[in-house]
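I have placed the structure first, in the form of structure tokens, so that the comments after it can refer back to it.
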Amino acid sequence: MADQRLLMISRDDILQVGAGKQGDRLFRTLARLTRLGCQLLATAPQPDDWSRDHGGPDDALLGPESIRKRLSDAGGTIDGIYYVPKSLFTQKRNRDAALLDIMRRYAIEPSHCYLFSSSRKFVDAAIGLGIRGTALGNSKQLMQELKVLLKEVEEA
763 MADQRLLMIS RDDILQVGAG KQGDRLFRTL ARLTRLGCQL LATAPQPDDW
813 SRDHGGPDDA LLGPESIRKR LSDAGGTIDG IYYVPKSLFT QKRNRDAALL
863 DIMRRYAIEP SHCYLFSSSR KFVDAAIGLG IRGTALGNSK QLMQELKVLL
913 KEVEEA
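Numbering (the numbering used here), first residue to last: 763 to 918.
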């Protein structure tokens, strides 16, 4: 689908902003984006105690203050969390493979994908694949970047 957009945001960045004074505004903005047709996927490093046989749901998706609950309360949805495998020697390859896997699963072109993360290396990998990546930090804040994206989506 030509107008489909995939919004990937670091789970930790969502949790950090969500716990602050802009938390409610963040979830209202994300909910608006999902109602406008954007699919939302959180990304996170694979937990150290990961078990392929017994992997449980992420605590960030459960409970009264979870990402899923707060987003649902604001009228939005999240597809889930994609865990990027960690490895001392193959980390760049793992980042690239994870992003390619996500695009394959969603059957979406890189130009329709957006990645917001405080991990500069993850953003660089995304940009290298043609994904619209934004490194979050002092000069680029998640809420500011989402407002720009929301305006772009509303005008499309």
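Where is the CB? At the ideal position from N, CA and C, for every residue including glycine.
Counting the other Cβ atoms within 10 Å of the Cβ of Ser901 gives fewer than 16, which makes it exposed. Arg855 and Gln766 have their C-alpha atoms roughly 27 Å apart.
Beyond the five residues adjoining it in sequence on each side, Phe884 comes within less than 6 Å, by CB distance, of Arg857 in the same chain, given in chain order.
DSSP places Gly842 in the strand class (E or B) of the three-state scheme. Its chain contains Ile776, Val779, Gly780, Leu904, Met905, Leu908 as the residues whose beta carbon lies nearer than 8 Å to that of Leu788, once the 5 sequence neighbours on both sides are disregarded; these appear in chain order. Distance check between Glu916 and each of Arg794, Met770, Arg773, Asp786 places Arg794 closest, using alpha-carbon atoms only.
Taking 8 Å as the upper bound for CB-CB distance, Pro807 and Val846 are in contact here, some 6 Å apart. DSSP, reduced to helix, strand and coil, places Ala869 outside both helices and strands of the structure shown, so it counts as coil.
The residue among Gly785, Asp886, Asp863 with its C-alpha nearest the C-alpha of Leu898 is Asp886.
Cβ neighbours of Ser880 within its own chain (closer than 8 Å, five residues either side excluded): Ser772, Asp774, Asp775, Ala897, Leu898, Gly899. For Gly890, there is no enclosing beta strand (DSSP E); the enclosing alpha helix (DSSP H) has its first and last residue at 882-890. Taking Asp835 as the centre and dropping the five residues before and after it, the same chain places the C-beta of Phe789 closer than 8 Å to its C-beta, in chain order. In the three-state reduction of the DSSP assignment, Ser828 falls in the coil class, being assigned neither a helical nor a strand state.
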